[in-house]
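Engineer:
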Amino acid sequence: MELRLRERRKQALLGLLLVLPSFLVTVVVVVFPIVDSVFLSLTEGDTGVFTWGNFQALFADPGAWSDIAFTLQVVGLTVVLSLGLAYALSYYMTFSTSRGAALLSQVYQIPLFIPGIVAVYALIALIRDTGALNRFVHLFGADFKPGLMYTGTGIVLVNLWFNVPFAAMIIGATLGGIPRSLLEAARDVGSGRVTIFLKVVFPLSAKSSLVATLFVFMNNVSEFTTPFLMGSNSPHMLGVALYQKFAVFHDQNGAAALSVFLFALSSVAGGVYIHSMMKEDRWRGQ
Amino acid sequence: MKIFRFILAGALVTLAQGAFAAPTTINLYSSGSDNVRITWEAVLAGFKKAQPDVAVNLVFLPSGTGGATASDKLIAATKAGQKDIDIDVLETEDNDLARILKDAGSAVLAPLTVKEVPNLAKVLQKSSVAPNQSVPFRGTTVLLAYNSAKVPTPPKTADELIAWIKAHPGRFAYNDPTTGGSGSSFVVTAIYNALPPEALTSLDAKWQAQWVKGFDLLKSLHPYFYKASGKVQYPVKNQGTLDLLAAGEVDLIPAWADMVLDQKSRGLLPPTTKVTQITPAFTGGIQTLAVPSLSKNKDAAAKLLNYVISPEGQQIFVESQKAIPVVATSSLPKSTIDMLSGLEVKGFRLVTIGANGDALNKRWQADIATLP
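Going down the list, the protein sequences come from chains A and B.
Residue numbers are given in this note's numbering: position 6 of the first sequence equals residue 13, and the series is strictly consecutive.
Residue numbers are given in this note's numbering: position 106 of the second sequence equals residue 140, and the series is strictly consecutive.
1. With a floor of 4 residues, list each alpha helix (DSSP H) that falls wholly inside the segment 22-97 of chain A, ordered by position along the chain.
2. According to DSSP, is B:Tyr341 helix, strand or coil?
3. Let me see if you follow: with CB-CB separation under 9 Å, is A:Leu236 close to chain B or not?
4. In the DSSP assignment, what are the bridge partners of B:Glu346?
5. How long is the line joining the alpha carbons of B:Thr116 and B:Thr386, rounded to whole angstroms?
6. When you compare only the Cα positions, how much space is there between A:Arg194 and A:Ala180?
7. Could you tell me the distance, in whole angstroms, from the CA atom of B:Leu394 to the CA atom of B:Ala110?
8. Since B:Asn395 meets chain A, which of its residues come closer than 9 Å, beta carbon to beta carbon?
9. Who are B:Leu88's beta bridge partners in DSSP?
10. Can you check whether the C-beta of A:Thr158 is within less than 9 Å of a C-beta belonging to chain B?
11. What residues of chain B sit near A:Leu155, judged by a beta carbon separation below 9 Å?
12. Looking at the strands, I want to know which residues DSSP matches up with B:Lys308.
13. Which value, in whole angstroms, describes the spacing of the CA atoms of B:Gln273 and A:His282?
14. If you follow the alpha helix (DSSP H) that B:Trp198 is part of, which residue opens it and which one closes it?
15. If we call anything under 9 Å between Cβ atoms a contact, is B:Asp122 one with B:Val325?
16. If you check the beta carbons only, do B:Ala154 and B:Leu143 fall under 9 Å apart?
17. Could you confirm whether any beta carbon from chain B is found closer than 9 Å to the beta carbon of A:Gly161?
18. Tell me whether B:Leu366 sits in a helix, a strand or coil according to DSSP, three-state version.
19. Do you know how far the Cα of A:Leu25 is from the Cα of A:Gln18?
20. Since B:Thr126 and B:Ser162 should fall inside the 8 Å C-beta cutoff, what is the C-beta to C-beta distance between them, to a whole number of angstroms?
21. Could you give the DSSP three-state label for B:Gly319: helix, strand or coil?
22. Rank A:Gly148, A:Lys214 and A:Ile124 by C-alpha distance to the C-alpha of A:Leu90 and give the top, closest one.
23. In chain B, which residues lie less than 7 Å from A:Thr137 when you measure between Cβ atoms?
24. Could you pull the DSSP bridge partners for B:Lys265 from this structure?
25. Hey, could you find the ends of the beta strand (DSSP E) A:Pro118 is sitting in?
26. Please identify the residue among A:Val42, A:Ser212 and A:Asp136 whose C-alpha is closest to the C-alpha of B:Lys261.
27. Based on the DSSP output, what are the partners of B:Glu127 in its beta bridges?
28. Could you check how far apart the C-beta atoms of B:Thr174 and B:Gly318 are, in whole angstroms? I think they sit under 8 Å.
29. So with CB distances below 8 Å, who are the chain B contacts of A:Gly70?
30. So, is the C-beta of B:Val270 closer than 9 Å to a C-beta in chain A?
31. Cβ closer than 9 Å: which chain B residues qualify as neighbours of A:Asn61?
32. At what residues does the alpha helix (DSSP H) containing A:Leu221 begin and finish?
33. In this structure, how does DSSP classify B:Val361 when only helix, strand and coil are distinguished?
34. Measure the C-alpha to C-alpha separation of B:Asn227 and A:Val45 and round it to an integer number of angstroms.
35. Counting only runs that start and end within the segment 204-273 of chain B, where is the alpha helix (DSSP H) found for 4 or more residues in a row?
36. Verify the CB distance criterion: does B:Thr386 have a CB-CB separation below 9 Å to chain A?
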């Protein structure tokens with residue numbers, strides 16, 4: 008008994024030792040900058056004295072409010088549309104036996120392997136008012152202007168390119184893991200397609216849908232490349248507003264306040280994610 | 035055996051180094067777009083031939099890779115009381131010089147006069163911030179680039195330009211000034227044309243009170259600028275407006291001279307693209323080189339500076355970067371000067387407004403970017 012206890016303690020120590028390097032890296036590249044930003048956001052630029060002024064200035068600026076509203080609108084639409092499309096896509100790929108579904112499941116991840124900036128420029132070249140689409144329609148004598156550049160809709164559209172495959176990957180993994188015997192059992196007792204979906208498939212995949220939602224939210228709330236190249240001059244998405252604050256206006260403390268706010272937004276999503284993970288662990292532990 | 039050979043080789047190398055005096059190595063800090071790096075490499079190759087006893091190590095920080103620029107490093111080293119620094123020459127412009135001298139004191143840069151750098155006698159430009167502690171080595175300016183097929187007679191004055199913009203809605207664009215210098219020059223020019231000339235080289239915040247007139251002008255012109263998706267849009271970055279010109283979506287833009295001439299020579303802009311300057315001119319800038327007082331290799335650094343502003347050095351800047359030379363054009367070959375397509379070299383309008391520039395950008399973002 009005594010021996011086994013010591014053995015277990017040794018193993019626990021080894022485990023801690025093994026996670027130590029990644030823990031230290033996290034402290035240096037994640038925790039330290041966060042603490043530093045919080046500190047900067049609560050001090051005055053020239054004097055270094057404690058102040059709430061940076062946050063007061065941030066929230067007193069009507070431009071900042073319209074940036075926040077615009078960001079939440081774009082991210083909200085991106086989340087809803089990506090999740091809807093990704094769910095439909097992975098449902099089709101998992102449960103259809105058609106050749107189309109087989110082909111789609113081979114290629115749907117391709118967007119994830121194309122570097123972001125390349126994809127953004129390619130999509131811009133396609134959808135801008137004088138882009139490839141416009142010129143193609145010109146062949147048939149019409150003048151089609153998509154009107155998507157410098158609009159929130161355009162940004163959402165490009166976001167879908169990245170986020171639909173990403174969310175489909177997460178949801179698809181869960182759908183693929185649902186035992187077929189469950190579906191067959193439900194069918195045997197006379198359930199229709201809709202009932203099977205509502206009573207079996209959806210409850211079993213709800214959790215991974217939630218995870219996908221949170222990740223899509225966190226990935227997009229602070230995005231920079233797409234809104235910088237495709238967004239309008241005002242309002243800005245928060246990533247662009249943040250960049251402008253520190254790199255153009257040289258307002259370090261104001262930028263720190265905005266980044267702390269952005270971090271708070273993301274950590275709400277992070278908190279929900281951790282909470283849902285802990286719940287699962289408790290369930291497993293029983 | 036092997037060890038013996040190794041020692042012998044080592045001894046030979048040591049002997050050889052003793053026989054030919056080892057060259058002094060100096061560090062040159064520069065930053066910017068990639069064309070800046072390419073040009074420096076060409077200039078340094080020329081310098082190596084002219085001065086084999088000085089080796090130059092180019093430390094190039096591409097723009098946008100972080101705030102740790104050479105000026106920040108110099109300021110930090112001085113504030114920390116360091117006794118030496120590995121920067122022997124650093125590339126600056128007037129706003130950098132103003133910041134360095136303000137944050138680190140005026141003794142931080144070594145004196146650079148005709149005594150140290152004889153070729154300075156032939157240089158036509160001078161820094162307005164640190165005239166005796168910096169060497170101007172190339173100039174660049176913003177001017178009007180236009181599609182000559184659509185605009186046979188481009189505007190010659192600021193007033194004619196305003197009239198042209200109003201007469202041709204949607205055919206003019208300047209880029210978001212917070213993302214690139216050519217749009218910024220358009221904004222600064224529009225605002226400072228209404229102010230006394232000395233305001234353009236003043237760091238004093240009092241001038242902000244007089245910006246109203248210029249901002250009103252920008253507001254009144256707003257509806258006539260380039261539109262996309264149904265509303266006026268200021269493109270992002272210097273390249274944004276050049277792309278619109280290349281695609282034929284606009285006919286007239288403010289642009290950096292070197293970017294237009296370089297992209298035209300490479301076929302990225304159509305051959306109908308031409309450039310012209312208006313009066314009063316768009317603002318431009320001169321790039322300067324400075325030597326920190328802490329540098330241990332000031333003599334070697336002065337040799338590099340002297341080469342950079344010699345006719346040979348200047349020729350490389352003009353040919354590789356389409357930069358405006360700081361020496362008389364008569365001292366350069368005619369074929370080289372022809373590459374500048376008749377760019378007016380004397381009509382340089384320097385701008386050094388320091389932190390006023392940040393305030394100007396903020397106000398543009400708040401007042402102009404938000405217009406419907």
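Using N, Cα and C, we set each Cβ at its ideal position, and we do this for glycine too.
A quick note: this is a predicted structure, and the numbers were derived from the prediction, not measured.
Structural biologist: Per the coordinate set shown:
1. 39-48 and 60-67
2. helix
3. yes
4. Bridge partners of B:Glu346: none, in fact.
5. Per the sequence shown, residue 116 of chain B should be read as Gln rather than Thr. Using only the alpha carbons, I get a separation of about 29 Å.
6. 23 Å
7. 27 Å
8. Gln251, Val255 and Phe256
9. Residue identity check: residue 88 of chain B is Val in the sequence provided, not Leu. DSSP, once it has assigned bridges, lists B:Thr58 as partnering B:Val88.
10. yes
11. Ser263
12. B:Tyr180
13. 46 Å
14. Ala192 to Ala201
15. yes
16. Looking at the sequence shown, residue 154 of chain B is not Ala but Leu. No, the pair does not count as a contact, with Cβ atoms beyond the cut-off.
17. yes
18. coil
19. 11 Å
20. In fact, because the Cβ distance is near 13 Å, the residues do not count as touching under 8 Å.
21. strand
22. A:Lys214
23. Ala281 and Glu283
24. B:Ala262
25. Looking at the DSSP string, A:Pro118 is not in any beta strand (DSSP E), and its letter there is neither H nor E.
26. A:Asp136
27. B:Gln321
28. 6 Å
29. Gln399, Ala400 and Thr404
30. yes
31. Neighbours of A:Asn61 on chain B: none; closest Cβ ~15 Å, over 9 Å.
32. Phe209 to Val228
33. strand
34. 42 Å
35. 215-226 and 246-255
36. no
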